[in-house]
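Trainee: Before I ask anything, let me first share the structure, which is written out below as structure tokens.
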Amino acid sequence: MSVMCEGVQPMWVPQPLYRRVAAVVLVVLSLSAGSARGGQEGEAFDILGFRLGMDREQVEALFRQLNPDVKLDVRNAYFHYSDGLQNLQTEEFLGSISGPVRHDLSNQEILSVTVEFSPPPLGGRVVQITRSDNNIANPVTLAEFQQALIGKYGQPASQIYGLQWHFPAGRKLCSTAASGPVAGSLSSLVQGRDRELKYASPEQCASYLSFRMIGNPVKAVGARMVDVEQAIRAQLAASDWVAGLQEKAVAERIARGKGPQL
Numbered sequence: 001m002s003v004m005c006e007g008v009q010p011m012w013v014p015q016p017l018y019r020r021v022a023a024v025v026l027v028v029l030s031l032s033a034g035s036a037r038g039g040q041e042g043e044a045f046d047i048l049g050f051r052l053g054m055d056r057e058q059v060e061a062l063f064r065q066l067n068p069d070v071k072l073d074v075r076n077a078y079f080h081y082s083d084g085l086q087n088l089q090t091e092e093f094l095g096s097i098s099g100p101v102r103h104d105l106s107n108q109e110i111l112s113v114t115v116e117f118s119p120p121p122l123g124g125r126v127v128q129i130t131r132s133d134n135n136i137a138n139p140v141t142l143a144e145f146q147q148a149l150i151g152k153y154g155q156p157a158s159q160i161y162g163l164q165w166h167f168p169a170g171r172k173l174c175s176t177a178a179s180g181p182v183a184g185s186l187s188s189l190v191q192g193r194d195r196e197l198k199y200a201s202p203e204q205c206a207s208y209l210s211f212r213m214i215g216n217p218v219k220a221v222g223a224r225m226v227d228v229e230q231a232i233r234a235q236l237a238a239s240d241w242v243a244g245l246q247e248k249a250v251a252e253r254i255a256r257g258k259g260p261q262l
């Protein structure tokens, strides 16, 4: 989606447009074991080693550690804005990286991960991680899968839709998206009935990890982990950034204009 309007409301949150780019061939020399930011409690949560706060190099290195033959799907994004007459767009920035961690052609078992990054001006850090398992070979029972998750992450905060963990302790679950099935986009985190609280005090919002298992035994799994505070901060900063670009573009167009010949 893009917003094409001459006046930008202060609370408008832009939604990036995505463009696929060629698979990355960057050689990475090292991989940090932890997140680049966040407290100890948040660092205890990961999906297959992917952590919130990682940068691009760390993400690519981990993909290749898990699957040396991986072909990464790297997608760039950009925002649209307008000077009142012409549609303009920002420079492209990294939107997401996804790829298969495991792909067994014999039975079409696929385990894939998608990592989404915060947009500029606070861009370049992981704020959302999703995992998708399909056609799981030799599946375990639902109870066994749940116990394995509890063994890794501890007791869940909720079991309404699968299992959910909220962190760090003492924060509110701001996003209604955390209570539903594994789906959604980062921009949706800044919407909802509690959006004014999110705008005013994003530091009150807990991050979350959710797992949803399908079948018994489990044949498919969807997981999602979101840094809600940083996603909100990044979206609001992007809104201000794009609003500034649009204001400048409008002013430049007006300055170039000529008065009517009378």
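Mapping the sequence shown onto UniProt numbering, position 104 (from 1) lands on 104, and the numbers just tick up by one.
Glycine included, every Cβ here is placed at the ideal spot set by N, Cα and C.
Predicted model only: the values in this text are computed from it and were never measured.
Could you tell me the alpha carbon to alpha carbon distance between P168 and Q204, rounded to whole angstroms?
Mentor: Indexing the sequence shown from 1 puts residue 168 at position 168. Indexing the sequence shown from 1 puts residue 204 at position 204. In a straight line, the C-alpha of P168 is about 10 Å away from that of Q204.
Trainee: According to DSSP, is K248 part of a helix, a strand, or is it coil?
Mentor: Looking up residue 248 in the sequence shown gives position 248. Of the three classes helix, strand and coil, the one that applies to K248 here is helix, per DSSP.
Trainee: Look up P202 in the DSSP assignment and say whether it is helix, strand or coil.
Mentor: For this step, residue 202 is matched to residue 202 along the sequence shown. Note: P202 maps to helix in three-state DSSP.
Trainee: Under the DSSP definition of a beta bridge, which residues are partnered with E116?
Mentor: As a working note, residue 116 is residue 116 in the sequence shown. Answer is S96, Q128, bridged to E116.
Trainee: Using the rule of at least 16 other Cβ atoms within 10 Å of the residue's Cβ for burial, across every protein chain shown, is K248 buried or exposed?
Mentor: By one-based count along the sequence shown, residue 248 stands at place 248. With fewer than 16 other Cβ atoms within 10 Å, it is exposed.
Trainee: Would V140 pass as a contact of I129 if the rule is Cβ separation under 8 Å?
Mentor: Stepping through the sequence shown from its first residue, residue 140 is reached at position 140. Stepping through the sequence shown from its first residue, residue 129 is reached at position 129. Cβ distance not < 8 Å, so V140 and I129 don't count as in contact.
Trainee: From which residue to which residue does the alpha helix (DSSP H) around Q146 run?
Mentor: Taking the first residue of the sequence shown as 1, we reach residue 146 at position 146. That run of the alpha helix (DSSP H) goes 142-153.
Trainee: Return the bridge partner residues of I214 from the DSSP annotation.
Mentor: On the sequence shown, position 214 is the one that residue 214 refers to. I214 is bridged to A220.
Trainee: In angstroms with no decimal places, state the Cα-to-Cα distance between F145 and G49.
Mentor: Along the sequence shown, read from residue 1 onward, the residue named residue 145 stands at position 145. Along the sequence shown, read from residue 1 onward, the residue named residue 49 stands at position 49. When rounded, the distance between both Cα atoms is 18 Å.
Trainee: Any chance the CB of Q230 is under 7 Å from a heavy atom of the ligand PLP?
Mentor: Among the components of this structure there are no ligands whatsoever, and the ligand PLP is therefore not found.
Trainee: Would a C-beta distance cut-off of 8 Å place N67 and F93 closer than the cut-off?
Mentor: Along the sequence shown, one-based indexing puts residue 67 at 67. Along the sequence shown, one-based indexing puts residue 93 at 93. No, these two residues do not count as a Cβ contact at 8 Å.
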